[in-house]
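Using this note's numbering, the letters of the sequence shown correspond one by one to residues 11 to 111. Written out below as structure tokens is the structure these notes cover.
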Amino acid sequence: MARRTSSDPWRRLALLTTAAGLAAAVVAAGARLARRRTVAGTGIEVQDSYTCGCGAEYRMTGVDRHRVFWPAGADESDPVLGDRCPSCDAPLPAGHETAIR
11 MARRTSSDPW RRLALLTTAA GLAAAVVAAG ARLARRRTVA GTGIEVQDSY
61 TCGCGAEYRM TGVDRHRVFW PAGADESDPV LGDRCPSCDA PLPAGHETAI
111 R
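Now the structure itself:
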């Protein structure tokens, strides 16, 4: 019969901590994927929508400075060119700090 060493409880704790961290990462990735959807017929993944302070609505894809905005109902070939709302000239969100509605 093998003798247990004093490191066995620490090893178990380390394994449990690692497993909990991995489980949390999987849950976070699943939540992010669940938020994504595809615009019918285009194959474009849309993460969210954005409503400007002036009331203009946009659909968007991408993250941070790689976001692309389309006015609601616009064709895939007609994105917003630039980083400002065409209606009121307000800046469109460009980073994590912006809350998406």
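No residue lacks a Cβ here, since even glycine has one placed at the ideal position from N, Cα and C.
Asked                                                                             : Found
With 16 other Cβ atoms within 10 Å as the buried cut-off, status of arginine 77   : buried
Host beta strand (DSSP E) of serine 59 (start-end)                                : 58-61
For glutamate 86 and glycine 72, the rounded distance between their alpha carbons : 14 Å
Proximity below 8 Å, CB of alanine 6 to CB of glutamate 67                        : Not covered by the structure: residue 6. The range shown for the chain is 11 to 111.
C-alpha distance - arginine 75 paired with proline 96, whole-angstrom precision   : 18 Å
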